[in-house]
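Residue numbers (my numbering): 72 to 186.
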């Protein structure tokens, strides 16, 4: 199942995983030039990995399919596509951050530039 969470819910999602003794992972699937434009800080206790969408298939064997993983992109479409791909490949605990970094910059951290 792919959970849909808002940027505002990401910290709570992360805390829920930590409470279950899980170490959550936030993967930003945007391109390197986008990370240079704007990036987020992962919630406390959550690891942030910048891994562009096109590199996910080649890194699949290096990702833990049982680890709670949230996915982030610009508006939420690429991250949903990656979540679908991961789900199809046996990943069981996935969350898509709806609205992406664009929404994050409006609701969680206004210091994150919009582009």
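For each residue, glycine too, the CB sits at the ideal point set by N, CA and C.
Asked, Found
"So the alpha helix (DSSP H) residue 87 belongs to, where does it begin and stop?", "81-90"
"If you measure between the beta carbons of residue 111 and residue 127, is that distance less than 9 angstroms?", "no"
"When the Cα atoms are used, what is the spatial distance from residue 80 to residue 149?", "19 angstroms"
"Evaluate residue 160 with the Cβ neighbour count: other Cβ atoms within 10 Å of its Cβ, from every protein chain shown; 16 or more gives buried, anything less gives exposed.", "exposed"
"For residue 115, which three-state DSSP category applies?", "coil"
"Could you check if residue 166 is buried or exposed, using at least 16 other CB atoms within 10 Å of its CB as the buried criterion?", "buried"
"According to DSSP, is residue 169 part of a helix, a strand, or is it coil?", "coil"
"Between which two residues does the beta strand (DSSP E) harbouring residue 141 extend?", "140-143"
"For a test of the three-state rule: what should DSSP assign to residue 177, helix, strand or coil?", "helix"
"Are the CB atoms of residue 131 and residue 97 within a distance shorter than 9 angstroms?", "no"
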